[in-house]
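With the UniProt record's numbering applied, the sequence shown has no gaps in its numbers, which climb one by one up to 378 at the end. No residue lacks a Cβ here, since even glycine has one placed at the ideal position from N, Cα and C. If you're wondering where the values come from, they're calculated on a predicted model, not measured in any experiment. Taking it in order: structure first as structure tokens, then the write-up.
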Amino acid sequence: MDSDGTGSSPASKKPRDAPQLPYGIPLEEAQAEAQEGIQWTTKAIGSYSWDTTSTLKEPRIVVPGLAPVYSPAKRSFTLQRETRHPSNYVEEYDLKVPTESILHVMSVCQPSFDWSAVDLVTDRNNLRKLLRFLEASPDAPLFPDAEERFEIIVDLPSGRRPVVFTCDLQRDAQAPLGFGHAFEERLTTVPEVAKTLRGYFRLILLDINGFKVVVRTEVDALESPAEEGAVPEGPWKPLTGSATGQHYRRCGDFDAADGTVVEMKSKSAFFPDFPWRSTFYQMLLGKVDKLVLGWHKKGHFQPPKEYSYAEVQSQANADVDKRLSQLGALLKRVVHFVKQAGIPKAVKLAWDGGATDLVIEVRHLSSSDEEADASTLT
1 MDSDGTGSSP ASKKPRDAPQ LPYGIPLEEA QAEAQEGIQW TTKAIGSYSW DTTSTLKEPR
61 IVVPGLAPVY SPAKRSFTLQ RETRHPSNYV EEYDLKVPTE SILHVMSVCQ PSFDWSAVDL
121 VTDRNNLRKL LRFLEASPDA PLFPDAEERF EIIVDLPSGR RPVVFTCDLQ RDAQAPLGFG
181 HAFEERLTTV PEVAKTLRGY FRLILLDING FKVVVRTEVD ALESPAEEGA VPEGPWKPLT
241 GSATGQHYRR CGDFDAADGT VVEMKSKSAF FPDFPWRSTF YQMLLGKVDK LVLGWHKKGH
301 FQPPKEYSYA EVQSQANADV DKRLSQLGAL LKRVVHFVKQ AGIPKAVKLA WDGGATDLVI
361 EVRHLSSSDE EADASTLT
């Protein structure tokens, strides 16, 4: 009987064990799910660069990618604070399927790559957000609209293909920024053959106790230039089955041992608390070898300091196995839940910071999202 004393038809009732949205994952539960005897690995499996001659009708990538080359500064220097301006070229996130490049890069770098063995595809930043959730303190005060809150778009697969996380990219109005990009440009050189390229994106296969994640990362620089003769060759070729009309040029063969990978950070000396732990996990998830850290006072930099991966880990003072075990268990729980029958194809993860739950909820699609939905990586 319903509360008004009337009966409801069997057809109107959902099974007692049917998944319900929104679905919350309490912080305490997520932190308690660490496993003993964890095994985890990271492996570089592909790379590409975005070409700024791309249009919405013909997006272009170079595969494998060409990275900027690290050029250490031995003297002090001064940089101007950045200002954000609208991009004057088509970017990857302008496309209706911003994760599509990942699929095509693997078809070039490793044609026999088995996607059915992959559980999740994501940008590195989404994993960093989830690590931030896992590191939250249950006793911490909640500040509405605090910086730590986030949303992650989740697209669901058909068949045995992987779930996809993409970031909820919001384009901000022009606003003052720091010195990060100017710092990177000051410490790198770009090969002449890469003048029209933007970004060097590496694909990392993260395996946590058999749960496999393809992670897209953006690399600031490599310590050594590309092999001589590694140049984009021939005309732009269409990528088979591309939903966005992507084209590519080949640039030699992908080498997982492509040299020392460098992460660059700038930090004001007036605020000396450096985020060692989050930087360490950024390096771990991107399989980065070296950190170059530049301290400045209002844009006046001393020669940057270099830190190895092990040195950053020492500064971070992190229980890596415990945290990765929690991350693996959380990802597995989310993927298992969203792949159940009855869950909509478009959902999102949302966290409001502090000790609040991580929530899986319905994502309402615009008409353009609905058009893209049938042609995503999943």
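Could you give the C-beta distance for residue i and residue j, rounded to a whole number, given that I count them as a contact under 8 Å?
{"i": "methionine 106", "j": "isoleucine 45", "result": "7 Å"}
{"i": "tryptophan 276", "j": "alanine 316", "result": "5 Å"}
{"i": "threonine 41", "j": "aspartate 258", "result": "At roughly 18 Å, the Cβ-Cβ gap does not stay under 8 Å, so threonine 41 and aspartate 258 are not in contact."}
{"i": "alanine 243", "j": "valine 97", "result": "5 Å"}
{"i": "valine 359", "j": "proline 22", "result": "5 Å"}
{"i": "threonine 189", "j": "leucine 222", "result": "Not confirmed; about 11 Å, so no contact."}
{"i": "leucine 293", "j": "tyrosine 307", "result": "7 Å"}
Taking a contact to mean a Cβ-Cβ separation below 8 Å, would you say residue i touches residue j in this structure?
{"i": "cysteine 251", "j": "valine 63", "result": "yes"}
{"i": "phenylalanine 201", "j": "serine 87", "result": "no"}
{"i": "glutamate 33", "j": "glutamine 326", "result": "yes"}
{"i": "proline 304", "j": "leucine 177", "result": "no"}
{"i": "valine 262", "j": "lysine 290", "result": "yes"}
{"i": "arginine 198", "j": "aspartate 123", "result": "no"}
{"i": "isoleucine 61", "j": "serine 101", "result": "yes"}
{"i": "alanine 256", "j": "histidine 296", "result": "no"}
{"i": "glutamine 340", "j": "proline 19", "result": "yes"}
{"i": "alanine 346", "j": "leucine 365", "result": "yes"}
{"i": "leucine 27", "j": "aspartate 357", "result": "yes"}
{"i": "alanine 318", "j": "phenylalanine 271", "result": "no"}
{"i": "leucine 156", "j": "valine 338", "result": "yes"}
{"i": "alanine 194", "j": "serine 76", "result": "no"}
Short of 6 Å in beta carbon distance, which residues of its chain neighbour residue i, apart from the five on each side in sequence? Order them along the chain.
{"i": "glutamate 58", "result": "Gly245, His247"}
{"i": "phenylalanine 274", "result": "Lys267"}
{"i": "histidine 300", "result": "Thr78"}
{"i": "proline 232", "result": "Val62, Arg249, Cys251"}
{"i": "glutamine 35", "result": "Ser325"}
{"i": "glycine 328", "result": "Ile208, Asn209, Phe211"}
If you reduce the DSSP assignment to three classes, tell me which class residue i lands in.
{"i": "lysine 339", "result": "coil"}
{"i": "valine 359", "result": "strand"}
{"i": "alanine 44", "result": "strand"}
{"i": "residue 411", "result": "With the chain covering only 1 through 378, there is no way to say anything about residue 411."}
{"i": "lysine 348", "result": "strand"}
{"i": "threonine 279", "result": "helix"}
{"i": "alanine 173", "result": "With a pLDDT of only 39 at alanine 173, under the threshold of 50, the placement of this residue in the model should not be trusted, and no figure is reported."}
{"i": "valine 105", "result": "helix"}
{"i": "leucine 285", "result": "helix"}
{"i": "tyrosine 93", "result": "helix"}
{"i": "histidine 364", "result": "coil"}
Among residues of its own chain, excluding the 5 on either side of residue i, which ones have a beta-carbon nearer than 7 Å to its beta-carbon?
{"i": "lysine 348", "result": "Glu151, Ile152, Ile153, Val154, Glu361, Arg363"}
{"i": "aspartate 51", "result": "Arg60, Ile61, Val62, Thr196, Leu197"}
{"i": "arginine 149", "result": "Trp351, Asp352, Gly353"}
{"i": "asparagine 125", "result": "Cys167"}
{"i": "glutamate 82", "result": "Leu177, Gly178, Phe179, His181, Ala182"}
{"i": "glutamine 31", "result": "Leu134, Gln326"}
{"i": "threonine 55", "result": "Val90"}
{"i": "glutamate 184", "result": "Asp220, Met264"}
Who are the Cβ neighbours of residue i in its own chain at under 8 Å, not counting the five residues just before and after it?
{"i": "proline 191", "result": "Leu66, Val69, Pro225, Ala226"}
{"i": "residue 380", "result": "Residue numbering for the chain in the displayed model covers 1 to 378; residue 380 lies beyond these limits and cannot be assessed."}
{"i": "glutamine 110", "result": "Ile45, Gly46, Phe254"}
{"i": "glycine 234", "result": "Arg249, Arg250"}
Next item on the list: Report the residue ranges of all beta strand (DSSP E) runs contained in full by the segment 188-275; include only those spanning at least 3 residues, in chain order.
Entry: 197-208, 211-219, 233-238, 247-250, 261-268
Notebook entry, point to check: What are the uninterrupted segments assigned as beta strand (DSSP E) that are 3 or more residues long and contained completely in the segment 295-334, given in chain order?
Noted result: 305-308
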